[in-house]
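Novice: Can you keep this structure in mind? I'll have questions shortly.
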Ligand SMILES: [Zn+2]
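Residue numbers (the working numbering): 9 to 268.
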């Protein structure tokens with residue numbers, strides 16, 4: 009475990025950034041959003057999780073942490089209060105330019121650490137756009153998407169059913185209670201019958217399509233966040249960070265010339 013006081017780019021001096029670039033090629037971009045997550049969680053729930061996980065990962069396997077992307081695509085959520093929606097075109101351009109800036113500063117392996125569902129539509133576009141234009145080849149950098157939720161072994165920690173573990177549910181609420189407990193207020197939740205949540209699935213099967221989420225998730229969250237705890241969040245975060253650090257180690261060993 010490192011004793012460096014910070015891995016956040018914007019908390020370091022210029023010379024400290026340059027020194028870290030000599031130590032590691034890896035930059036992590038925490039990708040969150042600002043959107044309604046029910047009455048019990050802050051709108052920056054995804055951003056808080058992405059940034060918190062980035063810090064735990066960098067402490068295990070050194071990497072610089074780019075300024076968290078609080079802004080994101082969010083048009084499915086605009087009928088809820090508190091949501092900020094940015095166009096996919098602008099987000100793609102922002103991610104592209106952040107990659108170029110990271111590479112210019114010596115960080116040539118950039119990880120999109122994703123906490124906001126839907127972000128992958130934009131990040132994948134960026135991957136394909138770089139590939140099509142051979143930009144990564146020419147400038148010598150590589151880009152990776154990394155989701156931490158699936159690496160947390162949360163089924164060993166949480167009590168909810170898998171279908172109850174989406175937006176604002178026990179998993180997200182427990183993680184925010186771990187990272188920023190003062191921002192969570194479970195008393196704001198309406199009482200729910202155990203095992204059920206205010207979730208109405210889409211009606212057309214076997215397709216993917218966008219929908220105004222307020223029709224699907226009227227209260228802005230799914231499942232039973234009522235049973236969330238900071239202890240559950242801490243366990244998931246530690247397991248997830250260990251697994252993500254292993255991914256970062258693989259990325260450090262990745263040779264783009266061999267895999268191209
Ligand atoms: Zn979320």
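Just so it is clear, CB atoms sit at the ideal spot from N, CA and C, and this is done for glycine as well.
Would you decide whether residue 91 is buried or exposed? Buried here means 16 or more other CB atoms lie within 10 Å of its CB.
Specialist: In the chain shown, the residue the question calls residue 91 occupies position 83. With 16 or more Cβ atoms within 10 Å of its Cβ, residue 91 is classed as buried.
Novice: My output table needs one value for residue 232: the three-state DSSP class, helix, strand or coil.
Specialist: The residue labelled residue 232 in the question sits at position 224 within the chain shown. Coil at residue 232, not helix or strand.
Novice: Under DSSP, the alpha helix (DSSP H) around residue 152 begins and ends at which residues?
Specialist: Translated into positions along the chain shown, residue 152 becomes position 144. Looking at the DSSP string, residue 152 is not in any alpha helix (DSSP H); the run it does join, the beta strand (DSSP E), is 150–155.
Novice: How many angstroms separate the CA atom of residue 230 from the CA atom of residue 236?
Specialist: Here residue 230 corresponds to residue number 222 of the chain shown, with the count starting at 1. Here residue 236 corresponds to residue number 228 of the chain shown, with the count starting at 1. Taking the straight line joining both Cα atoms gives about 13 Å.
Novice: For residue 7, which three-state DSSP category applies?
Specialist: Since the displayed the chain opens at 9 and closes at 268, residue 7 lies outside it and no answer follows.
Novice: Use the C-beta contact count for residue 76: other C-beta atoms within 10 angstroms, 16 or more gives buried, fewer gives exposed.
Specialist: By 1-based counting over the chain shown, the position of residue 76 is 68. Answer is buried; the Cβ neighbour count reaches 16.
Novice: Which stretch, first to last residue, makes up the alpha helix (DSSP H) that contains residue 1?
Specialist: Past the edges of the chain, shown from 9 to 268, lies residue 1, and the structure says nothing about it.
Novice: Any heavy atom of ligand 1 within a distance shorter than 7 Å of the CB on residue 215?
Specialist: The residue given as residue 215 occupies position 207 in the chain shown. Not under cutoff, so the answer is no.
Novice: When the Cβ atoms of the stretch 107–124 are set against those of the stretch 213–232, are three or more pairs found closer than 8 Å?
Specialist: no
Novice: Check each candidate in 225, 41, 51 and 15 and name the one with the smallest Cα separation from residue 274.
Specialist: Within the shown structure, residues of the chain are numbered from 9 to 268, placing residue 274 beyond reach of any answer.
Novice: Closer than 6 Å by C-beta to residue 188: which residues in its own chain qualify, once you throw out the five before and the five after it? Chain order, please.
Specialist: On the chain shown, position 180 is the one that residue 188 refers to. Within the same chain, residue 188 has close Cβ partners 56.
Novice: Please state if the CB of residue 99 and the CB of residue 81 are separated by a distance shorter than 8 Å.
Specialist: Reading the chain shown from its first residue, position 73 is the one you call residue 81. Reading the chain shown from its first residue, position 91 is the one you call residue 99. Going by C-beta atoms, residue 81 is nearer than 8 Å to residue 99.
Novice: Between which two residues does the alpha helix (DSSP H) carrying residue 75 extend?
Specialist: As a first step, residue 75 must be located in the chain shown, where it is residue number 67. DSSP places residue 75 in no alpha helix (DSSP H); its state is neither H nor E.
Novice: With DSSP as the reference, label residue 197 as helix, strand or coil.
Specialist: Residue 197 sits at position 189 when you count from the first residue of the chain shown. Reduced to three states, the DSSP call for residue 197 is coil.
Novice: Counting C-beta neighbours from all protein chains within 10 Å, is the total for residue 15 16 or more, i.e. buried, or is it exposed?
Specialist: As a position in the chain shown, residue 15 is number 7, starting the count at 1. It counts as buried.
Novice: What residue ranges within the stretch 88–117 form continuous alpha helix (DSSP H) runs of no fewer than 4 residues, ordered along the chain?
Specialist: Unbroken alpha helix (DSSP H) stretches of 4 residues or longer found wholly inside the stretch 88–117: 96–112, given in chain order.
Novice: Using a Cβ-based criterion (distance less than 7 Å to any ligand heavy atom), does residue 124 qualify as near ligand 1?
Specialist: Reading the chain shown from its first residue, position 116 is the one you call residue 124. Result yes, Cβ under 7 Å from ligand 1.
Novice: DSSP three-state label for residue 139, please.
Specialist: Sequence index remark: in the chain shown, residue 139 carries index 131 (1-based). The answer is helix: DSSP assigns residue 139 an H, G or I state.
Novice: Is any non-hydrogen atom of ligand 2 found closer than 7 Å to the C-beta of residue 54, if you look at the structure I gave you?
Specialist: Looking at this structure, you won't find ligand 2 anywhere; what it does contain is ligand 1.
Novice: Alpha helix (DSSP H) containing residue 62: first to last residue?
Specialist: Reading the chain shown from its first residue, position 54 is the one you call residue 62. Bounds of the alpha helix (DSSP H) holding residue 62 are 53–68.
Novice: By alpha-carbon positions, which one of 156, 13 and 262 ends up nearest to residue 246?
Specialist: Taking the first residue of the chain shown as 1, we reach residue 246 at position 238. It is 156.
Novice: Which term fits residue 6, buried or exposed, when burial requires 16 or more other beta carbons within 10 angstroms of its beta carbon?
Specialist: A question about residue 6 goes unanswered here, because the residues of the chain that appear run from 9 up to 268.
Novice: List the endpoints of the continuous beta strand (DSSP E) containing residue 35.
Specialist: Translated into positions along the chain shown, residue 35 becomes position 27. DSSP places residue 35 inside the beta strand (DSSP E), whose first and last residues are 34–39.
Novice: Ligand 1 and residue 180: does any heavy atom of the ligand fall closer than 7 Å to the residue's C-beta?
Specialist: Position 172 of the chain shown, counted from the first residue, corresponds to residue 180. At least one heavy atom of ligand 1 is nearer than 7 Å to the Cβ of residue 180, so yes.
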